[in-house]
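Single-structure report; data block below.
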Amino acid sequence: MKEAPDVSQLSIWKAQIEDKFTRLEKCQTEITNLILKDTDAERAFEEDFLSAEKYRDRFSELCAQIQLLSMKETETKEFSEKRKFKLPKIELKKFTGDAKEYLSFWSQFSKIHEDTSIPNEDKMQYLLQAVVPKTKAARVVESFPATAENYPKAIAQ
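So the mapping is simple: our numbering equals the position in the sequence shown, first residue as 1, plus 2.
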């Protein structure tokens, strides 16, 4: 099986194609100007124009393919650079309501709070699980019905 080229090779190929396309465009402009000088050259101009359009289309296709391959290469590299091992699950810190514990609790819980992909009703459940039962913090959080609307109110307390 043929290996896919790396990103640097794709960049080189793209630069070469762009250079050739730029030169081709200059030649095309000169050819068009020469054809247009001849008043009876309408058909030749049309054929030349269609031929040039095929080259432009092919150039666009190649640039798109190179970009796609380049993105795939980058994604593959990023994926392979991720951890090769599984980290242990992080236990959610329990909060009693003691001011001394608040910073360490909030530094962990804020990840849940700031995650926009988690709905507020789920955040409320996480908050309920994060407080130690029968403590001041638990009484405050439990005083709000566990709904999405009440999550911001419970957090504000």
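Yeah, the Cβ is synthetic: ideal placement off N, Cα and C, and Gly gets one too.
Keep in mind that this is a model prediction, so the values were computed, not measured.
- DSSP places K125 inside the alpha helix (DSSP H), whose first and last residues are N122 to A132.
- For F97, the beta-bridge partners assigned by DSSP are V133.
- When the alpha-carbon of L26 is set against those of I37, E55, Q11 and P135, the nearest one is in E55.
- For N122 and A148, the gap between their C-alpha atoms comes out near 10 Å.
- CA-CA distance, L38 to A46, rounds to 9 Å.
- Taking 8 Å as the cut-off, the beta carbon of F97 is found closer than this to the beta carbon of V133.
- With a threshold of 16 other beta carbon atoms within 10 Å, F87 falls short and is exposed.
- Only exposed fits L70, as fewer than 16 other CB atoms lie within 10 angstroms of its CB.
- Q159 sits in coil when the DSSP states are folded into three classes, being neither helix nor strand.
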